[in-house]
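What follows is one structure encoded as structure tokens, with my remarks underneath.
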């Protein structure tokens, strides 16, 4: 599996393209409508409802063998049996494989049924899901309801972060794990959580799935912070009351701990680049491979100090 | 102890999906919490219901907003929205929002206001046909067929008390929505209260009619709609057979002092599902959200006060009347086929009442 990370497009360039966005007219809306209606019959059969002890959720089949993407908080652990309901009401089961608890990404496998499962492809071009792009969501909000069927929402991507997409496709309980699609009919997000605003609907992007694919297939649980495709530092960060980037926690045995980084340290810069927020910091760490050395400028109890850390391979915890 | 909710309530949603697990959320997406995110966020005006996108449907306003009106209280508070169906003042309104229609008035988009005369109340459809007294020259909606529409079809609705437009899509299958009667949202003590008088409340559902009316745990219900109650089953029966939206008078004891309140009942299904307030909707939900013969489900972001307004295709054909805001993702509209043939008969009968036959 190719590892593709969310590219960090130049912000100014992006704002400019947003400003240039053509005004929507009825013809443009009707094109969206036609495209969605054309794609629906092909993508709908891949949507499933999931029932666990904890409640109802959704998922999407992404291979003929029955691999299923969902949100990590749905199975909440590897090797969990889940009841799965297809659109026509057929009931089967799936077992959860690995999950990435830091991003809410999870993989599961449907029970073999002796013939291929209907599936959709996932988008490997993570960076293409930019603010302003139209998208559509499917799911089973409130649980499976045969008379109602799956529920569609059409909207726009509002924001892209390292591991997530935010959209104005409004979600609610039961949608967790359901797919967000682009207009190629490819999965670009997995419904994860909502904030109170109508436009605050968060989907796991494909980045964590692609990055952790092999680990998830091996039923591993990823619970580490500040890790990347190769390089791993092992700190959790927090924004302080003064809006400075601070270390919230240091993971046992991590390179950060060995280098003497402590909870409460303020991170001023990495390799000479000023650090102002958590996303920038985690993107900076992620961009480097295991074995690379990072030079961090820290402030501890009001005193600045420089620390060199050699990044390591990210640890992968075996199933619980 | 017994209650209005089923013995084994269905776990309806993942609570972690909501807004409760703040620690979990913090690790996942701390970006909301801090000012000036470095990544571009789509400006509000460019979002699906932002003004740039809505500019596309601006020219539909004469076919939608001009055919809607605002129903308000004598003090000018918006109660709900109405759809104009006759140029001589006939409007359709969501019945359960106006149990006391004579206490409301209508305000049209041209600024005229009028009192309302109730012509016909159809509880099955949750519609009231009323006539604005002394009003003529209105623009009535032009209806088009709803049933041929399929999932993904764009729709636009009148919002913000009949002044704005919002867009969304047909989001699920057309279907009947069964009902389970009305509820207060209380759990009651199975044992009769002391000296056999009244029924004690032992639990109140979040955002329920009982909570809105100010009822509290340990209050003892004495009369429901004028009838004395001594047994929890009787309370349940008296409430359940009524309609969501209906107002009932309740007398109760609080710390041995007799008090009274008026409660507007809600659909039982919703009260039970939302016992802990888990099913939050932006801007609230309608009191009656079930028991409809047929609905068109859409995802237009609306408020309960927008119910009763028209929903149209992008060609400007009105295909239904918004009838219930159900939850964060769901609004129901009555498709035109479900009410219009009937409603035309009500209007006709009212315009041309049968003449009295002269006595022989």
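Protein chains in written order, with our numbering: chain A, 1 to 320; chain B, 321 to 680. For every residue, glycine included, the Cβ atom is placed at its ideal position computed from N, Cα and C.
Looking at the DSSP output, residue 135/A bridges to 155/A. In the structure shown, residue 446/B falls within a coil segment according to DSSP collapsed to helix, strand and coil. Two segments are said to touch when three or more pairs of C-beta atoms, one from each, lie closer than 8 Å; by this definition the region 234 to 242 of chain A does not touch the region 186 to 203 of chain A. Residue 630/B is bridged by DSSP to 641/B.
With its beta carbon at least 7 Å from every one in chain B, residue 256/A lies outside the interface. Within the DSSP bridge table, the entry for residue 201/A names 167/A, 194/A as partners. Its chain contains 60, 62, 190 as the residues whose beta carbon lies nearer than 6 Å to that of residue 69/A, once the 5 sequence neighbours on both sides are disregarded; these appear in chain order. Taking all protein chains shown into account, residue 395/B has fewer than 16 neighbouring C-beta atoms within 10 Å of its C-beta and is therefore exposed. Here residue 581/B is bridged, per DSSP, to 570/B. For the region 625 to 657 of chain B, the set of positions with a beta-carbon nearer than 8 Å to some beta-carbon of chain A reads 634, 647, 648, 649, 650 in chain order. At a cut-off of 7 Å between beta carbons, residue 90/A makes no contact with chain B.
Residue 70/A is bridged by DSSP to 106/A. A contact is defined here as three or more CB-CB pairs under 8 Å, and the region 124 to 138 of chain A meets this definition with respect to the region 196 to 208 of chain A. Residue-level contact by beta carbon fails for residue 82/A and chain B, as no gap is shorter than 7 Å. In terms of CA proximity to residue 66/A, 112/A leads the group 112/A, 80/A, 58/A. Neighbours of residue 602/B in chain A, taken as residues whose beta carbon is under 7 Å from its own, are 198 in chain order. Ranking 151/A, 24/A, 211/A by CA distance to the CA of residue 87/A puts 151/A first.
The region 475 to 494 of chain B makes contact with the region 396 to 407 of chain B; the number of CB pairs closer than 8 Å reaches 3 or more. Contact between residue 503/B and residue 583/B does not hold, since the beta-carbon distance rounds to 10 Å and is not under 8 Å. Only 489, 491, 492, 493, 495 from the region 477 to 506 of chain B bring a Cβ to less than 7 Å from some Cβ of chain A. Three or more pairs of CB atoms, one per stretch, sit closer than 8 Å, so the region 606 to 625 of chain B contacts the region 487 to 494 of chain B. Of 270/A, 271/A, 268/A, 250/A, the smallest CA-CA separation from residue 262/A is found for 250/A. Contacts between residue 157/A and chain B, judged by CB atoms closer than 9 Å, involve 362 in chain order.
Scanning its chain for C-beta atoms nearer than 6 Å, with the 5 sequence neighbours on each side dropped, one finds around residue 174/A the residues 56, 140, 141, 142, 143, in chain order. Taking a cut-off of 8 Å on C-beta distances, the region 512 to 523 of chain B does not touch the region 602 to 609 of chain B, as fewer than three cross pairs fall below it.
Under the Cβ criterion of 7 Å, residue 33/A is counted among the residues facing chain B.
Rounded to the nearest whole angstrom, the C-alpha separation of residue 184/A and residue 75/A is 29 Å. For residue 373/B, there is no enclosing beta strand (DSSP E); the enclosing alpha helix (DSSP H) has its first and last residue at 371 to 374. For secondary structure counted as the beta strand (DSSP E) over 3 or more consecutive residues, the region 459 to 522 of chain B holds these complete runs in sequence order: 474 to 479, 484 to 489, 495 to 497, 506 to 508. Secondary structure at residue 384/B: coil, using DSSP grouped into helix, strand and coil. Rounded to whole angstroms, the gap between the alpha carbons of residue 533/B and residue 248/A is 46 Å. Of the candidates 187/A, 40/A, 265/A, 265/A places its Cα closest to the Cα of residue 304/A.
Between the alpha carbons of residue 273/A and residue 610/B lies a gap of roughly 58 Å.
The C-alpha of residue 307/A lies about 6 Å from the C-alpha of residue 295/A. The alpha-carbon separation between residue 172/A and residue 180/A amounts to approximately 14 Å.
For residue 474/B, the nearest beta carbon of chain A is closer than 7 Å to its own beta carbon.
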